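Report on the structure given below.
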Amino acid sequence: MIHFFKKVFLLLMLTVLVPARVVFSGEVIQTQESVAWEDIEADLTSIRISKNIVTIKVKLRNTGSEEQGVKIPYDACFIMDETNQKKYYSLKDSDGIYIAGPMADKQRGGRFWFGVQAGKSRSLWIKFPEPTDHPETITIFLEGIFPFEEIPLKK
């Protein structure tokens with residue numbers, strides 16, 4: 012009898028947890044359109060704070076029928092604490108290269124410069140310093156994309 016209840020419990024847990032993992036693993040925090048590339052949409056998929064560093068992950072999706080060449084210089088990316096009116100630019104390493112990726116080349120400290128095929132996506136990540144005044148929300152700016160606004164900033 013106990014063996015039967017263990018099996019039922021396991022089945023119930025699988026029916027609840029497996030779909031939940033699928034839903035939460037692909038969570039999109041906010042989506043914005045491109046102002047520079049036709050049919051490109053940007054999904055903010057992750058924002059994390061660890062050791063006073065904010066890491067964001069963005070998925071660029073091509074919803075059109077033709078490949079789009081997307082060029083985002085990391086020196087033009089920043090987060091903004093709108094409450095305290097302060098900008099925070101991407102972090103650099105000791106060689107002056109932005110801590111971000113993927114990186115097509117090191118011009119201007121590094122750039123995302125890749126083609127996004129029709130119906131496909133490419134992801135990027137960038138590290139920023141944590142805002143010193145610890146605002147509740149931030150705005151994220153990536154060149155060529157409408158800003159991601161009022162993004163909760165929680166540890």
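Just so we're aligned: the sequence shown equals residues 12 to 166 in the working numbering. In this text, a Cβ means the ideal position worked out from N, Cα and C, and glycines have one as well. Computed from a prediction, not measured in an experiment: that's the story for all the values here.
Excluding sequence positions up to five before and after Phe-152, its CB lies within less than 6 Å of the CB of Phe-89 and Pro-158, all in the same chain and listed in chain order. Within the same chain, Arg-119, Arg-122 and Glu-154 come within 7 Å of Pro-84 by CB-CB distance, once the 5 residues on both sides are set aside.
Fewer than three beta-carbon pairs drawn from the region 96-107 and the region 43-51 are found closer than 8 Å, and the two stretches are therefore not classed as touching. For Asn-73, DSSP records a beta bridge to Ile-51. Distance from Asn-63 to Pro-146 at the Cβ level is roughly 14 Å; contact not present, criterion being Cβ atoms closer than 8 Å.
Scanning the region 64-142 for uninterrupted beta strand (DSSP E) segments of 3 residues or longer gives 64-73, 79-84, 89-92, 97-100, 122-127 and 132-140, listed from N- to C-terminal end.
Taking the Cα positions, Asp-104 is about 12 Å away from Ile-137. Checking the DSSP bridge columns, you'll see Pro-163 partnered with Thr-148. The alpha-carbon of Lys-117 is positioned some 31 Å away from that of Thr-148. Classified as buried, Asp-54 has 16 or more neighbouring CB atoms from the shown chains inside 10 Å of its CB.
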